[in-house]
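The block underneath contains the structure these notes are about, expressed in structure tokens.
Protein chains: 2
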Amino acid sequence: MTDRTKIAFKTSRHAVVTPPPNNAADAALPAGGASASASGPSFSPLYQQIKALILRSLQSGEWRPGEAIPSEIELAARFKVSQGTVRKAVDELAAENLLTRRQGKGTFVATHAEEQVQYRFLRLMPDQPVAESTDSRREFLDCRRLRAPADVARALHLKPGDMVVEIRRVLHFSGCPVVFDDIWLPGRLFKGLTADRLSEYRGPMYGLFESEFGVRMIRAEEKLRAVAADADIAQALQVPQGTPLLSVERLSLTYGDQPVELRRGLYRTDRHYYRNELS
Amino acid sequence: MTDRTKIAFKTSRHAVVTPPPNNAADAALPAGGASASASGPSFSPLYQQIKALILRSLQSGEWRPGEAIPSEIELAARFKVSQGTVRKAVDELAAENLLTRRQGKGTFVATHAEEQVQYRFLRLMPDQPVAESTDSRREFLDCRRLRAPADVARALHLKPGDMVVEIRRVLHFSGCPVVFDDIWLPGRLFKGLTADRLSEYRGPMYGLFESEFGVRMIRAEEKLRAVAADADIAQALQVPQGTPLLSVERLSLTYGDQPVELRRGLYRTDRHYYRNELS
DNA sequence: GAGTGGTCTAGACCACTTC
DNA sequence: AAGTGGTCTAGACCACTCC
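Residue numbers (this note's numbering), protein chains in the order written: chain H, 27 to 305; chain X, 27 to 305.
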């Protein structure tokens, strides 16, 4: 706990324990940050470095969704830092919904499989609270492989001509068609995905992606618009042509902000609304 | 730092320092929480209690928006807890956007007045990044006082017949009308609000509410729908009647989740979209 | 009882801002 | 140089879960 020790910690940050030992030159890290460093970040708190290491283990699949990660004490020992520093790193990952803490049990890799109310990402709420029976139904209209259209390729960071899986489906609530989804997935990541697999699977679609294809959705960006129903959509959602619909274009991202799903949804908003909270 | 001291802290939590000393019986708080407590919360971490006290000072106006609050060390002394405990309380308030920390300067009461990009709550984004000139214009159509319609009264937790201020306005971007807003405010809180005051004020409307009426918007809940433009709206937004518009009903809340504004917006989404992030 | 995360403290040092 | 928030550590105890 002397000054010496403190500095030793500081200068050996990058060499800190990690499963595949990183032998990068220590000199790459500024000694104390005291001197006027050149441009750039030039400094990263210890807990951020620990956070990045944990993130790497998550990404590499060292701990699978739903599993417990090592206890804070174990992680502290592994990374040779105090428990408090690990705690702060884990706190941030938990705040980002990548980890879930459960007092007395441990810290777990977040999963879409047993999400509390099923649909973590679906913001559509019924105007009238639904009578207990959450009678939702998924109707898969289509699931096929094709070369990505230009706009889809661009959104998913694919090369023009790369294969994608396209899924079309309708969600029904209380017996009424409410959502029409058109979904594109990179073919490379979703080999073997078929309409049957989709139909058979119980639970959220993102749970299937996670358990069957190892693709974990972390966050998503949505663009909302109001549009008029064309003939096809009008039929699918059983509304007159020209009915205003809520258009929701969602780009889902996995670790490292890599796009892995583009989804274009059209929502009927006569008996439902899209809920959002600003803060 | 003996056990004795620890317990002393615990049992005197509620009596902890606060400007108007609270003389509530210490016995009201469970001693250690060890015994099987009855139903209810029955336990609140120290930092949550400190957080509540800071919140109370914010609500009472002890520190005004934009001002610095006492340093962590001062707060720790005032509340007779460690700096770390104050820090955790402040951390949470900062995460909720009620406080803003600035390294080396202090912790400040958050404000809408000098918000970074002006519109913290407006999620409408242009399809094409706007050429530097953020040429937005506000056109106030109306500002009058009337008795609250039933639905407005219900949303704002007012009694039927209470007075409200109704404001109608159109927002223009790049010379084009994009947003039609219909806004209701409790008359009791906004005495003296006139169309002139609104027109004169530069900066976000929530900034004016804050500095002129002491009403600070903390968070808001929105319900989005797609609707068709009726004749009046069509004229105001210069679109054909029946054009799909994004309907955004916003309920803004202040401290203690008290509703203080109901806003019904209709957005043209032909050149803009409503951006949302899911995580 | 053992193990986990959750709270609380105390003290050191660092980085940033202001004087 | 002084004051502020930011990081890091070490150790204590508490609450919860499981055996």
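Ideal placement from N, C-alpha and C gives every residue a C-beta, glycine not left out. None of the values given here were measured: they were computed from a predicted structure.
- Neighbours of E247 (chain H) across chain X, judged by C-beta separation under 9 angstroms: R301, N302, E303, L304.
- Taking 8 angstroms as the CB threshold, V265 (chain H) stays off the interface with chain X.
- Straight-line spacing of the CA atoms in R228 (chain X) and A139 (chain X) works out to 10 angstroms.
- Within the stretch 114-137 of chain X, the residues whose Cβ lies closer than 9 angstroms to some Cβ of chain H are A121, E122, N123, listed in chain order.
- In the DSSP assignment, I209 (chain X) falls within the unbroken beta strand (DSSP E) covering 202-212.
- As computed with DSSP, H298 (chain X) is found in a beta bridge with X:P152.
- Rounded to the nearest whole angstrom, the CA to CA distance from P152 (chain X) to L250 (chain H) is 12 angstroms.
- Annotation for Q75 (chain H): the continuous alpha helix (DSSP H) segment containing it runs 72-86.
- When the alpha-carbon of L271 (chain X) is set against those of H:R276, H:A254, H:Q75, H:S278, the nearest one is in H:A254.
- Rounded to the nearest whole angstrom, the CA to CA distance from V107 (chain H) to E192 (chain X) is 58 angstroms.
- Of the residues assessed, A121 (chain X) falls on the exposed side of the cut-off, its CB having fewer than 16 other CB atoms within 10 angstroms.
- Using a Cβ-Cβ cut-off of 8 angstroms, F147 (chain X) is close to L304 of chain H, given in chain order.
- When secondary structure is reduced to three states using DSSP, S162 (chain H) falls in the strand class.
- In the three-state DSSP reduction, Q284 (chain H) falls in the strand class (E or B).
- In the DSSP assignment, M189 (chain X) falls outside any alpha helix (DSSP H) and lies within the beta strand (DSSP E) extending over 189-199.
- Under the criterion of beta carbons closer than 8 angstroms, R113 (chain X) and E98 (chain X) qualify as touching, at roughly 6 angstroms.
- Of the residues assessed, K77 (chain H) falls on the buried side of the cut-off, its CB having 16 or more other CB atoms within 10 angstroms.
- If you draw a straight line from the Cα of A179 (chain H) to the Cα of R290 (chain H), it comes to about 14 angstroms.
- Residue contact check for R163 (chain X) against chain H: no CB pair falls below 8 angstroms.
- Residue environment for P266 (chain X): exposed (fewer than 16 other C-beta atoms within 10 angstroms of its C-beta).
- When C-beta atoms of the stretch 274-294 of chain H are compared with those of the stretch 202-212 of chain H, three or more pairs fall below 8 angstroms, so the two segments count as touching.
- DSSP places G233 (chain X) within a helical segment (H, G or I) once states are collapsed to three.
- Around the Cβ of E248 (chain X), a 10 Å sphere holds 16 or more other Cβ atoms; the residue is buried.
- For Y300 (chain H) against L197 (chain H), the beta-carbon gap comes to about 14 angstroms, at or over 8 angstroms, which does not count as contact.
- Interface with chain H (8 angstroms Cβ-Cβ cutoff): P270 (chain X) is included.
- Relative to the Cα of R242 (chain X), the nearest Cα in the group X:P71, X:G87, X:G110 belongs to X:G87.
- Of the candidates H:V135, H:L72, H:L279, H:L279 places its Cα closest to the Cα of H183 (chain H).
- Under the DSSP assignment, T126 (chain H) falls in the beta strand (DSSP E) whose first and last residues are 125-128.
- The bridge partners DSSP lists for Y293 (chain X) are X:V205, X:L272.
- Residues of chain H whose Cβ lies closer than 7 angstroms to the Cβ of L250 (chain X) are, in chain order, L250, L272, Y299, Y300, N302.
- For T111 (chain X), there are no neighbours in chain H by C-beta distance under 8 angstroms, as the nearest C-beta there is about 14 angstroms away.
- With fewer than 16 other Cβ atoms inside 10 Å of its own Cβ, D168 (chain X) counts as exposed.
- Our two residues, S200 (chain X) and A262 (chain X), have alpha carbons roughly 16 angstroms apart in a direct line.
- Chain X places a beta carbon closer than 8 angstroms to that of V253 (chain H), counting this residue as a contact.
- Residues of chain H with a Cβ closer than 7 angstroms to the Cβ of T295 (chain X) are, in chain order, R251, A252.
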